[in-house]
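Undergrad: Submitted below is the structure of interest, expressed as structure tokens.
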Amino acid sequence: MFSNFRNSFYLKILFVIISITYSKNLSSQTSRQVDELGMIPIFTYHKITSKDNLMNRKPSSLLKDLDYLRNNKYYLLTVEELYKGYINAPLGYIPAVLSFDDSHISQFKYLSSNKIDPNSAIGILEDYKKKYPTFRITAIFFVTPCQRGQNELFGQKQWINKKLSFLLENSYEIGNHSCSHPNYQTTSIERIQSDLNLSQTKINTYLPNFQYTSLATPYGSYPKRKLWPLLAKSSSKKHSYRHKLIFSYSNRLSLSPFAKNYNLFRVSRLHGFEEALQSYRQKVSSGEWKPFISDGNPNLVTIPKSRKDELKIRSNKNLILAPNSKDYYPWKLY
Ligand SMILES: [Zn+2]
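No gaps in the numbering here: position 106 of the sequence shown is 184 in this note's numbering, and each next residue is one more.
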């Protein structure tokens, strides 16, 4: 009897020790509170050059940005995943998207037919992939096929085919950034539509079966609100473009794809230059900006009770519909 008592006593002590250790681990893993209605940063870069200013980022600065994301538990998402609401970030991680506009040569340059310039964005991203294989690398390149010179599908004409195929074969995405980069505030909707269609036609001369699935509007400019659906899909049969998500350039965080006010036609992106990035980091660390914090389960949407009213209207009482209107996820309050 005494030995039974002693055994159960030691078992209890052991149980307490295990519980403390477990809860400590859990709290260090989840030092960020899960919130899948938090905001998602979509960083936007233009040229990668020897300067750091509004339109340029130095290779060393881009590297620093990647280190920040890796060291602070970020998980890079594809635009396709954002659209599906499929967020496979580990518990406590923040999903983010990297985007590059204007298809400039500094984003993807070959030094010779088989050597990528290590100082071009793709060179930096590919090296990073090798150095940190557990950090997921993906990015979307919003291209302008009618631009000439260094912005014509990354500049080097003889390698356009090779570059576009490389992107698709190496876990990158290609998005439409219009064909000739017009300002949508001052261009008629008819011209905007034929320019978008031309961009689709031009990219098909290199990638015959490729269809854009997203658009980043030039300068982040927009026509009148009632015309936004025509940026996604033209009413004319002559036009073949189809954009499921449309991105602006407003230097704001994107809403969660499960938020009531998420708008497929106007998904906000952040600027990717020094001051904007510093301000982002400061606002997140001070708690002023509340990012999306993953629950670690891509098939479940977990949100704090206090934010229930911000959740998108449910398709039925236990399921929430993804922006693509196809995928449903169960959701959980805590
Ligand atoms: Zn642009």
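From the three backbone atoms N, C-alpha and C, an ideal C-beta is built for every residue, glycine too.
If you count every other CB in all the chains shown that lies within 10 Å of the CB of residue 283, and 16 or more means buried, which is it?
TA: exposed
Undergrad: In whole angstroms, what is the alpha-carbon distance linking residue 109 and residue 220?
TA: 35 Å
Undergrad: With a CB to CB cut of under 6 Å and the five nearest residues on each side skipped, what residues in its chain are close to residue 123?
TA: 135, 178, 350
Undergrad: Is it the case that the Cβ atoms of residue 319 and residue 261 are separated by a distance below 8 Å?
TA: The beta carbons of residue 319 and residue 261 sit no closer together than 8 Å.
Undergrad: What is the DSSP secondary structure of residue 268, reduced to helix, strand or coil?
TA: helix
Undergrad: Once the 5 residues before and after residue 345 are set aside, which same chain residues still bring their CB inside 6 Å of it?
TA: Answer for residue 345: 323, 325, 332, listed in chain order.
Undergrad: Going by the CB atoms, is the gap between residue 114 and residue 373 shorter than 8 Å?
TA: yes
Undergrad: Is residue 180 near ligand 1, judged by its Cβ being under 7 Å from some heavy atom?
TA: yes
Undergrad: Please classify residue 347 as buried or exposed, where buried requires at least 16 neighbouring CB atoms within 10 angstroms.
TA: buried
Undergrad: Let me know the secondary structure DSSP gives residue 299 once reduced to three states.
TA: coil
Undergrad: With C-beta atoms as the reference, is residue 121 less than 8 Å away from residue 186?
TA: no
Undergrad: Taking the alpha-carbon of residue 292 as reference, which of 133, 149, 161, 132 has the nearest alpha-carbon?
TA: Distances from the alpha-carbon of residue 292 to those of 133, 149, 161, 132 put 161 closest.
Undergrad: Report yes if the C-beta of residue 296 is less than 7 Å from at least one heavy atom of ligand 2; otherwise report no.
TA: For ligand 2, the structure offers nothing, since it holds only ligand 1.
Undergrad: CB-CB under 6 Å to residue 343, same chain, minus the five flanking residues each way: which ones, in chain order?
TA: These residues qualify, in order along the chain: 306, 324.
Undergrad: Taking residue 441 as part of the beta strand (DSSP E), name the residues at either end of that continuous run.
TA: Past the boundaries of the shown model lies residue 441; the chain is included only from 79 to 412, so the question cannot be answered.
Undergrad: Quick check on DSSP: helix, strand or coil for residue 367?
TA: coil
Undergrad: Hey, residue 298 and residue 327 are a contact pair by Cβ (cut 8 Å); roughly how many whole angstroms apart?
TA: Sure, about 3 Å apart at Cβ, within 8 Å.
Undergrad: For residue 119, which residues of its own chain have a beta-carbon under 6 Å away from its beta-carbon, when the five flanking residues on both sides are left out?
TA: The answer, listed in chain order, is 174, 331, 348.
Undergrad: Pull up the distance between the alpha-carbon of residue 269 and that of residue 309, whole angstroms please.
TA: 11 Å
Undergrad: Output the distance between the C-alpha atoms of residue 379 and residue 409, rounded to the nearest integer angstrom.
TA: 4 Å
Undergrad: When you compare only the Cα positions, how much space is there between residue 264 and residue 257?
TA: Each residue's CA atom was taken as its position, placing residue 264 and residue 257 some 16 Å apart.
Undergrad: Ligand 1 and residue 317: does any heavy atom of the ligand fall closer than 7 Å to the residue's C-beta?
TA: no
Undergrad: Looking at C-alpha atoms only, which residue of 250, 412, 145, 164 is the closest neighbour of residue 384?
TA: 412
Undergrad: Classify residue 345 as helix, strand or coil using the three-state DSSP reduction.
TA: strand
Undergrad: Can we count residue 255 as close to ligand 1, meaning its CB is less than 7 Å from some heavy atom?
TA: yes
Undergrad: I'd like the span of the beta strand (DSSP E) that includes residue 409, first residue to last.
TA: Element bounds for residue 409: 406-411.
Undergrad: How is the alpha helix (DSSP H) around residue 202 delimited, first residue to last?
TA: 199-209
Undergrad: Distance, Cα to Cα, residue 229 vs residue 395?
TA: 49 Å
Undergrad: Per DSSP, what are the beta-bridge partners of residue 179 in this structure?
TA: 220
Undergrad: Note down, in chain order, each residue of its chain lying with its Cβ closer than 8 Å to the Cβ of residue 390, except the 5 sequence neighbours on either side.
TA: 336, 337, 338, 340, 398, 399
Undergrad: Determine whether the beta carbon atoms of residue 415 and residue 202 lie at a separation below 8 Å.
TA: Residue 415 is absent from the model: the chain starts at 79 and stops at 412.
Undergrad: Alpha helix (DSSP H) containing residue 333: first to last residue?
TA: Per DSSP, residue 333 belongs to no alpha helix (DSSP H) and is neither H nor E.
Undergrad: What are the boundary residues of the alpha helix (DSSP H) that includes residue 293?
TA: Counting along the chain, residue 293 falls outside any alpha helix (DSSP H), though it belongs to the beta strand (DSSP E) covering 292-294.
Undergrad: Note the first and the last residue of the continuous alpha helix (DSSP H) segment covering residue 157.
TA: 157-162
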